[in-house]
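Notes to accompany the following structure.
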Amino acid sequence: MLFPLFPLLLSLAANPAAATPKACTLTTLSCQNTTAVADTCCFNAPGGQLLQTQFWDTAPAVGPSNSWTIHGLWPDRCDGTYDASCDASRAYTGIASTLTAAGEGALLAYMQTYWKDYQGDDASLWEHEWAKHGTCISTMETRCYTAYTAREELVDYLQTTVALFKTRNTYAILAAAGITPSGSKTYAASAIQAALTAAHGKAVTIGCDGSTFNEVWFHYNVRGSVQTGTFVPAAPDGTKSTCSGNVSYKVKSGTAVPTGTATGTTTAPTSTATGGVLTGSGYLTVATSGASAATGCLISAGTWYVSGTCATYTAAASGSGFTLTSSKGPCGVVGGKFTCASGTSAAVFTLNAGKLAYSGSAAWYASAVPSGSTQIDVYTSSSGGSVAVEVRGW
């Protein structure tokens, strides 16, 4: 069984009217440079390896019974060491209020389900992760924004962490390999490592408390900034796994989330659809016609991509439909192709049974299903390709 993993072109549009990260043209991958890179707004240094870390807490049980939860996003130095608590002046509190004020109620709601503290103080965990790790990400320093507004980088950090987490559904990956929580069965740590490595594309770090498996770290290098760059799976920056031999993967009590809303899917509950209209913000996923599972999504320029994090699109009501905007600009249909760019004339779209429709038709076409880092254009007619696809709203 294959999972749609997106490893990852991040294009986040938390608040289009607010500050924006510095535009970057550097293509050097972090931790892969041979000489010093001066522009640390577009090159992550010294913390060039980013770790998206996840928990499996059972005593007490934390989060849904069929999902791992977020620990954080950590910038390690390329040699495996790390800096911590790099800017006390930005050790922000009141994160829930910040997200609410930024119009990120859906992000906050997601965090309240999947970014949980085992002692019940979620806000304290968020504050800790940002202050200890987020303030050490060079590309998220305030100087790296144009027209900076207060706490903009905090929102970007939280969005990026959640976006990465959604692409690595640890529970589902392991379940597909026959590794599920059990009160009696144990699993070889090597089998767990193999399943996660196959999904991520590089070795991961697995953590154990004694002989109990309870943590996973996914490692990345980044091309560009953390806010808008490409996350490339990377081998761990040192030997860090603490599991060996046979380990237990304990059952977590609590309520399971529906499969369609668990981590690793690409739909985000960021708005509601009323009839044929979308409002708010979310992702546009793509599936071959009639397929139940999405295979990738549309990134910020409007292209279909299976190896990157979905872009956040913002919908605004327009007549009997809605317009769409990504971080690249308004979205329209230019020469029959779905396109988002500055200067593009915004088209009016509708929803048809949850699928994006243009001029009354929900039929879209592509020349091929993308693979690796290839991006494929999506068209309104078969002249653009013979692969029929569905573009699904949030």
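Here the working numbering is used: the first residue of the sequence shown is 1137, the next is one more, and so on. Ideal Cβ positions, reconstructed from N, Cα and C, are used throughout, including at glycine.
Query raised in the report: Looking at VAL1505 and THR1424, is the spacing between their C-beta atoms short of 8 angstroms?
Result: Yes, the pair counts as a contact, with Cβ atoms nearer than the cut-off.
Query raised in the report: Taking the alpha carbon of ASN1180 as the point to measure from, which residue in TRP1192, GLN1190, THR1164 has its own alpha carbon closest?
Result: Out of TRP1192, GLN1190, THR1164, the CA that lies nearest to the CA of ASN1180 is found in THR1164.
Query raised in the report: Short check: CB of GLN1185 to CB of ASP1373, under 8 angstroms?
Result: For the 8 angstroms CB-CB criterion, GLN1185 and ASP1373 form a contact.
Query raised in the report: Secondary structure at ALA1299, three-state DSSP: helix, strand or coil?
Result: Of the three classes helix, strand and coil, the one that applies to ALA1299 here is helix, per DSSP.
Query raised in the report: Does DSSP put ALA1335 in a helix, a strand or coil?
Result: Three-state result, ALA1335: helix.
Query raised in the report: Counting pairs of beta carbons, one from the segment 1290-1304 and one from the segment 1380-1391, are three or more of them closer than 8 angstroms?
Result: The answer is no - the segment 1380-1391 does not touch the segment 1290-1304, with fewer than three Cβ pairs under 8 angstroms.
Report task. Name the two residues that bound the continuous alpha helix (DSSP H) containing THR1306. Result -> Taken as a continuous stretch (DSSP letters only), the alpha helix (DSSP H) holding THR1306 covers 1306-1312.
Query raised in the report: Would you report the Cα separation of THR1439 and CYS1467, rounded to the nearest angstrom?
Result: Taking the straight line from one Cα to the other gives about 11 angstroms.
Requested in this report: Would you decide whether LYS1321 is buried or exposed? Buried here means 16 or more other CB atoms lie within 10 Å of its CB.
Outcome: With fewer than 16 other Cβ atoms within 10 Å, it is exposed.
**Report entry** Same chain only: Cβ atoms within 8 angstroms of ALA1482, ignoring 5 sequence neighbours per side
**Finding:** Residues SER1454, THR1459, LEU1460, THR1461, PRO1466, CYS1467, GLY1468 of the same chain have their beta carbon placed closer than 8 angstroms to that of ALA1482, with the five preceding and five following residues left out of the count.
Query raised in the report: In chain order, what residues of the same chain lie with their CB nearer than 6 angstroms to the CB of ASN1488, ignoring the 5 residues before and after it?
Result: So the list reads ALA1498, once near-sequence residues are dropped.
Query raised in the report: Taking just the CA atoms, how far does ALA1371 sit from VAL1358?
Result: Cα to Cα, VAL1358 sits roughly 13 angstroms from ALA1371.
Query raised in the report: In terms of residue numbering, what span does the beta strand (DSSP E) encompassing LEU1209 cover?
Result: 1205-1212 is the extent of the beta strand (DSSP E) around LEU1209.
**Report entry** Residue from ASP1212, TRP1262, THR1171, CYS1214 whose Cα sits closest to the Cα of LEU1235
**Finding:** When only C-alpha atoms are compared, the closest one is TRP1262.
Query raised in the report: In whole angstroms, what is the alpha-carbon distance linking THR1366 and VAL1198?
Result: Looking at the backbone, the Cα of THR1366 and that of VAL1198 are separated by about 31 angstroms.
Requested in this report: Would you decide whether GLY1270 is buried or exposed? Buried here means 16 or more other CB atoms lie within 10 Å of its CB.
Outcome: With 16 or more other Cβ atoms from the protein chains shown falling within 10 Å of its own Cβ, GLY1270 counts as buried.
Query raised in the report: What is the DSSP secondary structure of GLU1526, reduced to helix, strand or coil?
Result: The three-state secondary structure of GLU1526, taken from DSSP, is strand.
Report task. With a cut-off of 8 angstroms on the beta carbons, I'd call SER1517 and THR1486 a contact; round off their distance for me. Result -> Actually they are not in contact, since the Cβ atoms of SER1517 and THR1486 sit about 17 angstroms apart, beyond 8 angstroms.
Query raised in the report: Can you tell me the Cα-Cα spacing of CYS1160 and GLY1360, whole angstroms?
Result: In this structure, the alpha-carbon of CYS1160 lies about 6 angstroms from that of GLY1360.
Requested in this report: Identify, in the order they occur along the chain, each residue of the same chain with its Cβ nearer than 6 angstroms to the Cβ of ARG1218, setting aside the five sequence neighbours on each side.
Outcome: Per the sequence presented here, residue 1218 reads as Tyr, with Arg not at that position. Here the set comprises ASP1212.
Query raised in the report: What alpha helix (DSSP H) runs, 4 residues minimum, are completely inside the segment 1348-1372?
Result: For the segment 1348-1372, not a single whole alpha helix (DSSP H) run of length 4 or above is found.
Requested in this report: Verify whether the separation of the beta carbon atoms of THR1194 and LYS1252 is less than 8 angstroms.
Outcome: In this structure, LYS1252 does not lie closer than 8 angstroms to THR1194 by Cβ.
**Report entry** Continuous beta strand (DSSP E) stretch holding LEU1468: start and end
**Finding:** Note that residue 1468 corresponds to Gly in the displayed sequence, not to Leu. Counting along the chain, the beta strand (DSSP E) containing GLY1468 begins and ends at 1465-1470.
Report task. Please check the pair GLY1416 and ALA1451, which I expect to be a contact at CB under 8 angstroms, by giving their CB distance rounded to whole angstroms. Result -> Right, their Cβ atoms sit about 6 angstroms apart.
Query raised in the report: Count the other CB atoms within 10 Å of the CB of GLN1255; is the residue buried (16 or more) or exposed (fewer)?
Result: Per the 10 Å Cβ criterion, exposed.
**Report entry** Beta-carbon contacts of GLN1223 that lie in its chain and below 6 angstroms, excluding the five residues immediately before and after
**Finding:** In the sequence on display, residue 1223 carries Asp and not Gln. Taking C-beta separations shorter than 6 angstroms and ignoring five residues to either side along the sequence, the partners of ASP1223 in its chain run THR1271, following chain order.
Requested in this report: Using the DSSP secondary-structure output, state which residues sit across from SER1417 in a beta bridge.
Outcome: In the DSSP output, where bridge partners are listed per residue, SER1417 has THR1450.
Query raised in the report: In chain order, what residues of the same chain have a beta carbon less than 6 angstroms from the beta carbon of GLU1289, not counting five sequence neighbours either side?
Result: The residues are MET1276.
Query - Chain-order list of residues whose beta-carbon lies under 6 angstroms from that of THR1402 (same chain, five-residue window excluded) - result: Its pLDDT being 33, under 50, THR1402 is placed unreliably by the model, and nothing is read from it.
Requested in this report: Could you check if GLY1208 is buried or exposed, using at least 16 other CB atoms within 10 Å of its CB as the buried criterion?
Outcome: The residue in question, GLY1208, is buried, as its Cβ has 16 or more Cβ neighbours within 10 Å.
Query raised in the report: Where does ARG1287 land, buried or exposed, given buried means 16+ other C-beta within 10 angstroms?
Result: Result: buried.
Requested in this report: Give me whichever residues DSSP pairs with TRP1158 in a beta bridge.
Outcome: The identity of residue 1158 in the sequence shown is Lys, whereas the question assumes Trp. Note: LYS1158 sits in no beta bridge, so no partner.
Report task. Under the assumption that TYR1501 contacts GLY1521 (Cβ atoms under 8 angstroms), give the Cβ distance between them as a whole number of angstroms. Result -> About 5 angstroms; that satisfies the 8 angstroms criterion.
Query raised in the report: Does DSSP put GLN1511 in a helix, a strand or coil?
Result: Residue state, collapsed to three classes: coil.
Requested in this report: Measuring alpha carbon to alpha carbon, tell me which of VAL1340, VAL1525, CYS1379, SER1233 ends up nearest THR1348.
Outcome: Answer by Cα proximity: CYS1379.
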